[in-house]
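Below: the structure, in structure tokens.
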Amino acid sequence: MTPLAEALLLQAGYNAALVTIGAALLGFAAGASGTFLFLRKRALVSDAVAHATLPGVGLAFILMVSLGGDGRNLIGLLAGSAATAWIGLWLMDWITRRTRLAEDTAIGAILGVFFGAGVVLLTVIQTMSAGRQAGLESFLLGSTAGMLFQDAVVIATGGTLAVAATWLMRRPMTLVAFDSEYAAALGYDVRRIDLLIMGLVMAVTVIGLKLVGLILIVALLIIPAVTARFWTERSANVIWIAGSLGALAGYVGAVLSASVPDLPTGPIIVLVSAGLFVVSLLFSPSRGVIAALLQHRSFQARVHRRQGLLALAAQHPIRETYTLRLLTSQGLVRADGVPTEAGRAAAAKVARDERRWEIAREIHQAAGLAGRYEGLTPIEDVFTADEIAEFDRRLGPPVAVGGV
Amino acid sequence: MGTEFVQFSLSPILIGIFAAIACALPGNFLILRRQALIGDAISHVVLPGIVFAFLITGVVAAIPMLLGAAGAALLAVILIEAVKRLGNIEPGAAMGVVFTTMFAAGVLILEQTDTSAVHLDVEHALMGNLESLIWFRAEGWHSLLDPEALATLPDELFRIVTVCALVIALMLIFWRWLKIATFDENFAEALGIPAGALGFGLVVTAAIAAVAAFDAVGSIIVIAMFICPPAAARLMTNNLTHQVWWSVAFATLSASLGYVLAGYGPLWFGAHHAVSAAGMIATVSGVILGLACLLGPCRQRVGVGRGLDA
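Protein chains in written order, with the numbering used here: chain A, 1 to 404; chain B, 1001 to 1310.
Below is the structure:
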């Protein structure tokens, strides 16, 4: 088997398999919990949380070494990172509520300052005798190389727990993310649920530190949720689609990283995720770029067709080349601009509908129905056959177009 | 505090101060326009820009790297705008998508290319190396008057001074426009001020400042300089001119105090090694912001938002 196939089927070694499963679980948890952040329009809060973990990693290392233990114990380091991430979150919340500074300023301030403090601690550790091979820099960008079996277990367990927590709390969190005022009116404690969302995001960040690194974990929280939004209009579906996309990116990324040399896990997971995003941006059936372009083209064609037919009905020459081309291709006009039989019939219909609409607007002034007329909706879509017959009675008999 | 200070500390402190000021000035406007995190995005995409420049030129030289970084920053701004408009996505999420992807691409390319022969790695890009920008030829304060010795000052100093001057000049030229467009964009447009172009120009200026500062202090610390001094200044006054002056003062204080604490602080505690100067500068700016949050005379929100959030 090729290395890629081996990794895909989880046959590339016990650790690699655990890392792959862990990455998929982490991707799912990150995608799902990131959805709540995204719907709450607070996506970049996760960036501050992630950067605020760095001083915690440093402090935990120093503390563990000074207590005589092994500074590299992953659980200890993760606990430390969670502690400072929580402090960062709390400070951010405090700055936003208690001062005039806006949330984005608070995010940026926490991010820069905590990261700076973390860098200071890392340089302190480098000068400690135990710190020479601490390898704490791997928390910046993540590293699965030389990962201990125990570390892989921590990631897989943490990922599972985060997925379970998301599942359990999905209803209140969806409610708050979707419409926090309605949630408050129903009696939910919005602030507490917000904190819960943040807690979940923090948990995902901390679990992902070793695998993806603190700079790129943000991508796992944001990109799947944004991508999922292209495929559905229902908030409950966004969560599961985002989770699945995150899991897919995590799985594929970890597999690629395990089978190709010099391919760091974090960046490749992010790039797979970004690839899914670009595909969705382009090809999503409802919100995608190509769908929007097609929709625009068809709208344009409908407007030009109608204007052209109205011109035919009024026996005006058509000078717009696009209109002429469109009508010719539909067989309504000959190349020299003279309407065909079908063209005259269509023109008569459009002109008649136009006059029917005039009558309709007179009759239904207050009904609001006539207000929906933008010139493109067929009158049959709005009024019943009886009503149209009534309009026709007022209009008199049909008049032929083009002097036939 | 004689020769040694001039040799080892003078130019890093000056570079730190000019970098901090160059970032803090545009930061004032970014904060007021709720675009504070543009600085975050820019400082992340500097890395892919530099890596790309290295891939093309094959050398680690200042000018191509600065150009690469500036190009990446511009590309990021355009991509963020494109994602925002095409996908109808809120700005924060659009930013998060774009800068993380570009950063990941930068790291990946860096890992795939052989850069073992040159000094180019992610940690350096993130953390900077302010301490290494020393002035070898200095023999004391009198070297400041010696043109031959002055010519050996680190190139980074000349670059950051140039950029700082450019930022100041741009701010003075466009001061009135910036002021009006920042507080009331519609009014500015009614007056015939090209508010959209002005906003883009501001972001580009911020990018140039970030790229030049990155050269010396590393990319993540740049965010702290963009945000902390202006944010602290915002809590000190209600007048934009005063706010800009306060931010310059805070930036200068952060840079000089941060460098001194990093270089000499550990010695006071009996340690033998200095800690990261860039990190310490960011930390000091955070402490200043914290004090301003607790004590600043204008820290409270006034007007509509007050009752809601107090």
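Every residue gets a Cβ at the ideal spot worked out from N, C-alpha and C, and that includes glycine.
**Asked** Per DSSP, P339/A forms a beta bridge with which residues?
**Response** V333/A
**Request:** Could you run through the stretch 196 to 227 of chain A and flag, in chain order, every residue whose CB is less than 7 angstroms away from some CB of chain B?
**Result:** I215, L216, V218, A219, I222, I223 and V226
**Beta-carbon spacing of E1111/B, P3/A below 8 angstroms** = no
**Item:** Residues of its chain near G243/A, where Cβ-Cβ distance is below 7 angstroms and the 5 sequence neighbours each way are ignored
**Value:** F28, G31 and A32
**Prompt:** With DSSP run on the structure shown, which of helix, strand or coil describes D262/A?
**Reply:** coil
**Prompt:** Going by beta carbon distance, what residues of the same chain come within less than 7 angstroms of L1240/B, once the five residues before and after it are set aside?
**Reply:** K1179
**Request:** Compare the C-alpha of P1297/B against each of A1262/B, G1286/B, R1234/B and A1024/B and name the closest.
**Result:** R1234/B
**Message:** Rounded to the nearest angstrom, what separates V1045/B and V272/A at their Cα positions?
**Reply:** 18 angstroms
**Asked** Taking V337/A as the reference, which of W357/A, R234/A and A313/A has the closest Cα?
**Response** The residue asked about is misnamed: residue 337/A is Gly in this sequence, not Val. Nearest of W357/A, R234/A and A313/A to G337/A, Cα basis: A313/A.
**Item:** Closest Cα partner of Q1300/B within the set F36/A, L54/A and T96/A
**Value:** T96/A
**Message:** For L1108/B and P1048/B, I'd like the C-alpha separation in whole angstroms.
**Reply:** 9 angstroms
**Simplified DSSP state of T2/A, which is helix, strand or coil** = coil
**Chain-order list of residues whose beta-carbon lies under 8 angstroms from that of M1127/B (same chain, five-residue window excluded)** = G1218, I1220, I1221, S1276, A1278 and G1279
**Prompt:** L281/A versus chain B: which residues are under 8 angstroms apart at the beta carbon?
**Reply:** V1083, L1086 and G1087
**Request:** Return no unless some Cβ of chain B is closer than 8 angstroms to the Cβ of A385/A.
**Result:** no
**Prompt:** What's the call for D1309/B, buried or exposed, on a 16-neighbour Cβ count within 10 Å?
**Reply:** Note on D1309/B: pLDDT 43, under 50, position unreliable in the model; the coordinate value appears next. Looking at its Cβ environment, which holds fewer than 16 other Cβ atoms inside 10 Å, D1309/B is exposed.
**Message:** Would F1214/B and G1027/B be called neighbours here (beta carbons separated by less than 8 angstroms)?
**Reply:** no
**Prompt:** What do you get for L1294/B, buried or exposed, if any count of 16 or more other CB atoms within 10 angstroms of its CB means buried?
**Reply:** exposed
**Asked** Just the Cα atoms here: how many angstroms apart are H364/A and L245/A?
**Response** 50 angstroms
**Asked** Does the beta carbon of L111/A come closer than 8 angstroms to any beta carbon on chain B?
**Response** yes
**Asked** For P1091/B, which residues of its own chain have a beta-carbon under 8 angstroms away from its beta-carbon, when the five flanking residues on both sides are left out?
**Response** I1080 and K1084
**Item:** Straight-line Cα distance separating G1068/B from F299/A
**Value:** 42 angstroms
**Request:** Determine, using beta carbons only, whether I95/A comes closer than 8 angstroms to chain B.
**Result:** yes
**Prompt:** With a cut-off of 8 angstroms, does the C-beta of T99/A fall near any C-beta of chain E?
**Reply:** This model lacks chain E altogether, as its protein chains are A and B.
**Item:** Interface flag, P285/A vs chain B, CB-CB below 8 angstroms
**Value:** no
**Asked** Under three-state DSSP, which class holds Q424/A?
**Response** Outside the displayed range of chain A (1 to 404) lies residue 424/A, so it cannot be described from this structure.
**Message:** Check whether chain A comes within 8 angstroms of G1307/B, counting only Cβ atoms and requiring the distance to be less than that.
**Reply:** Here G1307/B scores only 46 on pLDDT, less than 50, and its place in the model should not be relied on; the value that follows carries that caveat. It does not; no Cβ of chain A falls within 8 angstroms.
**Asked** Along chain B, which residues have their Cβ under 7 angstroms away from the Cβ of V124/A?
**Response** V1275
**Message:** Alpha carbons only, please: which of A346/A, E320/A, R40/A and E358/A is nearest the one belonging to L175/A?
**Reply:** R40/A
**Request:** Please confirm if the stretch 337 to 355 of chain A is in contact with the stretch 309 to 326 of chain A, defined as three or more CB-CB distances below 8 angstroms between the two stretches.
**Result:** yes
**Prompt:** Between R305/A and L276/A, is the Cβ-Cβ spacing less than 8 angstroms?
**Reply:** no
**Item:** K349/A at chain B interface by Cβ criterion, 8 angstroms
**Value:** no
**Prompt:** If we cut at 8 angstroms on Cβ distances, does F1103/B have a partner in chain A?
**Reply:** yes
**Request:** Grab me the residues of L78/A's own chain with a C-beta within less than 6 angstroms of its C-beta, minus the 5 sequence neighbours each way, in chain order.
**Result:** V206
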